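Have a look at the structure below before the remarks.
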Amino acid sequence: MKKIIEDTKNERNAIPPALAEYPNNHQKRRYNPQWEVKFPWLRYSVTEDGAYCAYCFVFASSTPSPWEPLICAPFKDWKNAVGSKRGILTNHELSKTHQGAMLAAANFTAVSRREIESVKESSSRGYSEIVKKNRKILLATAFVLDVVIVLAKRGIAFRGNWDSAAMKENGNFEFFIKWLAKYDESLSEHLSTAAKNARYLSP
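Going by the numbering used here, the sequence shown opens with residue 2, and the numbers climb by one from there.
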């Protein structure tokens, strides 16, 4: 299995060298190494005198039966390997199991070559971004609490006078929050992106 994984990772060594001669079965038929040209995923097992699909052997997502040829058991039906009627190798290549295994193998190779992120790396990066965002929210709410404490200690009213021109209340609390937001990016981002019920601006 380790050898198949290494072959899958290194496409240049994907097809092993052919034997000088392959043994005949009871039908006087033998494995044809030329099949590997048309089906580069095909691997011959010397010890079992049978063939496997390298990709499905390693990456098949579904759980096939323990006697499934090319995946869990060696394929030995050389008579029906190729052909217009049965063509077991052709049918296997078109199967959903094989297509899924090929995609999984391609993703595995891309991750090993650092061409794409692994699921673990992607999840870790996503978690780090969430933590970073939450820290910004906590920092923003800390500014809000600071304004509340300062206004309370100095006896300054939270609500101000009604601005008839702007048709809104010109409150001291809101004024100082917006004033601090000019100098702090996290507070400014919080005020502009947070939902109205999550800005913590109702003293």
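The beta carbon of each residue, even a glycine, is placed where N, CA and C say it ideally should be.
Owing to the predicted nature of the structure, the values given are computational and were not obtained by experimental measurement.
Take every Cβ of the segment 83-95, pair it with every Cβ of the segment 108-117, and state whether three or more of those distances are shorter than 8 Å. no
Alpha-carbon spacing of A195 relative to A141, whole angstroms: 11 Å
Unbroken beta strand (DSSP E) run spanning S46, endpoints: 43-46
Take Q28 as the anchor and find which of W68, A21, E186, D78 has the nearest alpha-carbon. D78
Could you have a look at C73 and say whether DSSP puts it in helix, strand or coil? coil
Determine the closest residue to A61 out of D50, A107, Y45, with distance taken between C-alpha atoms. A107
Can you grab the Cα-Cα spacing for the pair V59 / Q35, in whole Å? 23 Å
G101: first and last residue of the uninterrupted beta strand (DSSP E) it sits in: Per DSSP, G101 belongs to no beta strand (DSSP E); it is in the alpha helix (DSSP H), 97-113.
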